[in-house]
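Q:
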Amino acid sequence: MSTISFNKLTKRYGSVLAVDGLSFEVRPGQVTGFLGPNGSGKTSTLRMLLGLAVPTSGTATIDGVPYHELPDPVRQVGAALDSNTFHPGRSAAQHLRVITTAAGLPRRRVDEVLGLVGLSDVAGRAVGGFSLGMRQRLSLAGALLGDPGVLVFDEPLNGLDPDGIRWLRGLLRALAAQNRTVFLSSHLLSEVAQTVDEVVVLSRGRLVTHTTLADLTAQTSVVRARTTDAPRLLEVLAAAGLRVRLADASTVEARSATADEIGMAAAAAGVTILELSRHDEDLESLFFDLVQQNHQNQEIAA
Numbered sequence: 005m006s007t008i009s010f011n012k013l014t015k016r017y018g019s020v021l022a023v024d025g026l027s028f029e030v031r032p033g034q035v036t037g038f039l040g041p042n043g044s045g046k047t048s049t050l051r052m053l054l055g056l057a058v059p060t061s062g063t064a065t066i067d068g069v070p071y072h073e074l075p076d077p078v079r080q081v082g083a084a085l086d087s088n089t090f091h092p093g094r095s096a097a098q099h100l101r102v103i104t105t106a107a108g109l110p111r112r113r114v115d116e117v118l119g120l121v122g123l124s125d126v127a128g129r130a131v132g133g134f135s136l137g138m139r140q141r142l143s144l145a146g147a148l149l150g151d152p153g154v155l156v157f158d159e160p161l162n163g164l165d166p167d168g169i170r171w172l173r174g175l176l177r178a179l180a181a182q183n184r185t186v187f188l189s190s191h192l193l194s195e196v197a198q199t200v201d202e203v204v205v206l207s208r209g210r211l212v213t214h215t216t217l218a219d220l221t222a223q224t225s226v227v228r229a230r231t232t233d234a235p236r237l238l239e240v241l242a243a244a245g246l247r248v249r250l251a252d253a254s255t256v257e258a259r260s261a262t263a264d265e266i267g268m269a270a271a272a273a274g275v276t277i278l279e280l281s282r283h284d285e286d287l288e289s290l291f292f293d294l295v296q297q298n299h300q301n302q303e304i305a306a
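Going by our numbering, the first residue of the sequence shown is number 5, and it counts up by one from there.
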């Protein structure tokens, strides 16, 4: 059982702060989604985890050890970060044989992983003629060659058709069921919602939330309160521990709250409620709301 740990991980590229003090853990036996808009720092974080970039400060470790200090990294960690790094003239099987030879892995693994990712029928074809979806499958095959306990994938659903997405979801769930640590990035929550158990949301290099998918889904319930004094109601509900924001000049919006909670808090503070209504958002709307709220908080702090 292997755990991925990030502790105050920070990365600067000149004046650009790409990753800002990230701290969280990715545990075995589940699929963890690493989510954020393009440019949020996901790829930089994964590159530091895999020893492809050096942190400015902080650490990214696997079972407490940096990647470059792992005794047998190919058998411990499998990664697919880029599906465009293949020699176009090599066949899928040749590409994988190069890796097995370099890593000292048994040659039989080539046929095994090609079968696992559904590329057995095209094993002899040149990769230059592969579609994006086929190259994604070949990247996954390379990550699985060492039969590792930790798997790290960057946008693995890109280029897959609906059948491919369904197949990959099943594969990832099966790998997690074998008590492996499965960590995958995406810029769309809706894309991975049927796959992941936990969600880590990143925005502008900072951690926005780390929670279970079930808890995140519960936050799609929104209660809107129209009132005569929205700023005062916002203050009252925030003091009561509710997650709130101003929806407009006369309406306060609360997540994961009931109408009763809002009504009782408002009554106790003497704030008049004109209307209460409940709304259910989709996960993607919630995701972008979380990101936008983080942006606003950063701007206020600055």
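The beta carbon of each residue, even a glycine, is placed where N, CA and C say it ideally should be.
#1: Using beta-carbon positions only, say whether Ser254 and Val154 come within less than 9 Å of one another.
#2: What does DSSP give as the partner residues of Ser207 in its beta bridges?
#3: Suppose you measure from the CA of Leu278 to the CA of Asp233; what does that come to, to the nearest Å?
#4: Starting from Ala251, follow the beta strand (DSSP E) in both directions and report where the run begins and ends.
#5: With respect to the beta strand (DSSP E) encompassing Thr221, which residues constitute its N-terminal and C-terminal limits?
#6: Between Gly108, Ser9, Leu179, which has its C-alpha nearest Val35's C-alpha?
#7: Where Thr276 and Val240 are concerned, what is the direct C-alpha to C-alpha distance, given to the nearest angstrom?
#8: Which runs of the beta strand (DSSP E) spanning at least 3 residues fall entirely within the stretch 136-193, listed in chain order?
#9: Round the Cβ separation of Val23 and Thr49 to the nearest angstrom and send it over; I've been treating them as touching at under 8 Å.
#10: Are the stretch 51-59 and the stretch 203-210 in contact at 8 Å, needing three or more beta carbon pairs?
#11: Using DSSP with H/G/I as helix, E/B as strand and the rest coil, what is Asp24?
#12: Tell me the rounded alpha-carbon separation between Asp8 and Thr213.
#13: Give the DSSP-derived three-state secondary structure of Gly37 in the structure shown.
#14: Determine the direct distance from the alpha carbon of Thr215 to that of Glu265, and round the result to whole angstroms.
#15: Jot down the residue ranges of each uninterrupted beta strand (DSSP E) in the stretch 226-278, minimum 3 residues, whole runs only, in chain order.
#16: In whole angstroms, what separates the C-alpha of Val156 from that of Thr231?
#17: Are Val196 and Leu39 closer than 9 Å when you measure CB to CB?
#18: Within the same chain, show all residues whose beta-carbon is closer than 6 Å to that of Phe291, passing over the 5 residues directly before and after it, in chain order.
#19: Taking the alpha carbon of Ser225 as the reference point, which residue from Lys15, Ile169, Leu13, Arg282 has its own alpha carbon closest?
#20: For a test of the three-state rule: what should DSSP assign to His72, helix, strand or coil?
#21: Is Ser135 buried or exposed, if buried means 16 or more other CB atoms sit within 10 Å of its CB?
#22: Give me the Cβ distance between Asn162 and Gly33, rounded to the nearest whole Å; I'm assuming they're in contact under 8 Å.
#23: Have a look at Arg31 and Asp125 and give me their C-alpha separation to the nearest angstrom.
#24: Could you tell me which residues DSSP pairs with Glu202 in its beta bridges?
A: To lay it out plainly:
#1: No; because the gap between Cβ atoms is not below 9 Å, this pair is not in contact.
#2: Bridge partners of Ser207: Arg210.
#3: So the two alpha carbons sit approximately 10 Å from each other.
#4: In the DSSP assignment, Ala251 falls within the beta strand (DSSP E) that extends over 247-252.
#5: Per DSSP, Thr221 is not a residue of any beta strand (DSSP E); the alpha helix (DSSP H) it occupies stretches across 217-222.
#6: The closest CA to that of Val35, considering only Gly108, Ser9, Leu179, is found on Leu179.
#7: Using only the alpha carbons, I get a separation of about 12 Å.
#8: DSSP runs (the beta strand (DSSP E)) wholly in the stretch 136-193: 154-158, 185-190.
#9: The pair is a contact, with the Cβ atoms about 6 Å apart (cut-off 8 Å).
#10: In short, these stretches do not touch, since the Cβ pair count stays below three.
#11: In the three-state reduction of the DSSP assignment, Asp24 falls in the strand class.
#12: A small correction: the amino acid at residue 8 is Ile; Asp does not occupy that position in the sequence shown. C-alpha separation (whole angstroms): 17 Å.
#13: In the structure shown, Gly37 sits in a strand (DSSP, three-state: E or B).
#14: Looking at the two C-alpha atoms, the distance is approximately 23 Å.
#15: Within the stretch 226-278, the complete beta strand (DSSP E) runs of at least 3 residues are 247-252, 255-259.
#16: Cα to Cα, Val156 sits roughly 48 Å from Thr231.
#17: Yes.
#18: These residues qualify, in order along the chain: Leu193.
#19: Nearest option by C-alpha distance: Arg282.
#20: DSSP places His72 within a helical segment (H, G or I) once states are collapsed to three.
#21: With fewer than 16 other Cβ atoms inside 10 Å of its own Cβ, Ser135 counts as exposed.
#22: Approximately 26 Å separates the beta-carbon atoms of Asn162 and Gly33; this is outside 8 Å, ruling out the contact.
#23: If I take the Cα positions, the gap works out to 35 Å.
#24: DSSP output for Glu202 lists Thr36, Thr216 as bridge partner(s).
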